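In our numbering, the protein residues as written are 58 to 173. Don't be surprised by glycine CBs; every beta carbon is placed ideally from N, CA and C. Quick caveat: nothing in here was measured; it's all calculated off a predicted structure.
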Amino acid sequence: MEYAAAYRLADEIRASEEYRTYHRLKESVMGVDTQAALIQEYRKLQVRLQMSAMAGQTADAETMQRFSGISALLFSKAEVRDFLLAEMRLQQTMADIFKIVTDATGVEISVPGAEG
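Right, here's the structure in full:
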C-alpha cells in the first residue's frame, strides 16, 4: 500500500483553516493554567456523561451540575468558547475523514454500547 496519499492528507489537514484556528487558540487558551485545568475537568466530565448515556444511564446529579457550571464558566469567556468550538469543528472534520476512509474499506467499525 502506498502511504504518500496519507501523508498528503496529513499535510492538507495541517494547512486547513480548522486546524490552524484550533492550534492558534489552543496555544493561547491552554497557556493560562486555570483555564487549562478547567478545560481538563470539563473534558473528564464530558466523557463521564457520554459514557453514562452510552450505557443507557443517567449521570448523577452532582456530575451534571459540575459539568453545567464549568460549561457556563468556560463558554462565558469569548476566547475559550472560540477554542472549544474550533476543537469541535476540527473533531467533526476528523470524524468525517475517518468515515470516508472506513466506508471505502467496507469494514464496520463500531463503539461498544453506541449502536443505535
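#1: If you run the structure through DSSP and keep just helix, strand and coil, what is residue 173?
#2: I'd like to know whether the C-beta atoms of residue 125 and residue 116 end up nearer to each other than 7 Å.
#3: Beta-carbon within less than 8 Å of residue 106's beta-carbon, same chain only, minus the 5 sequence neighbours each way: which residues are those?
#4: Please classify residue 112: does DSSP put it in a helix, a strand, or coil?
#5: May I ask you to report which of helix, strand or coil DSSP gives residue 60?
#6: Count the C-beta pairs between the segment 141-155 and the segment 75-90 that are closer than 8 Å, then say yes if the count reaches three, no if not.
#7: Given a threshold of 16 other Cβ atoms within 10 Å of its Cβ, counted over all protein chains shown, does residue 140 qualify as buried or as exposed?
#8: Would you call residue 79 buried or exposed, if buried means 16 or more other Cβ atoms sit within 10 Å of its Cβ?
#9: Measuring only the C-alpha atoms, how far is residue 67 from residue 143?
To lay it out plainly:
#1: In the sequence shown, counting from the first residue as 1, residue 173 sits at position 116. In this predicted model, residue 173 has a pLDDT of only 48, less than 50, meaning its place in the structure is not dependable; the value taken from the coordinates is given anyway. Reduced to three states, the DSSP call for residue 173 is coil.
#2: Translated into the one-based positions of the sequence shown, residue 125 becomes position 68. Translated into the one-based positions of the sequence shown, residue 116 becomes position 59. Taking 7 Å as the Cβ cut-off, residue 125 and residue 116 do not qualify as a contacting pair.
#3: Here residue 106 refers to the residue found at position 49 when the sequence shown is read from its first residue. So the list reads 116, 120, 121 and 124, once near-sequence residues are dropped.
#4: As a position in the sequence shown, residue 112 is number 55, starting the count at 1. Residue state, collapsed to three classes: coil.
#5: For the purposes of this step, residue 60 is identified with residue 3 of the sequence shown, where counting begins at 1. Here residue 60 sits in coil by DSSP.
#6: yes
#7: Sequence index remark: in the sequence shown, residue 140 carries index 83 (1-based). With 16 or more Cβ atoms within 10 Å of its Cβ, residue 140 is classed as buried.
#8: The sequence position of residue 79 within the sequence shown is 22, counting from 1. With 16 or more other Cβ atoms within 10 Å, it is buried.
#9: Here residue 67 refers to the residue found at position 10 of the sequence shown. Here residue 143 refers to the residue found at position 86 of the sequence shown. Rounded to whole angstroms, the gap between the alpha carbons of residue 67 and residue 143 is 18 Å.
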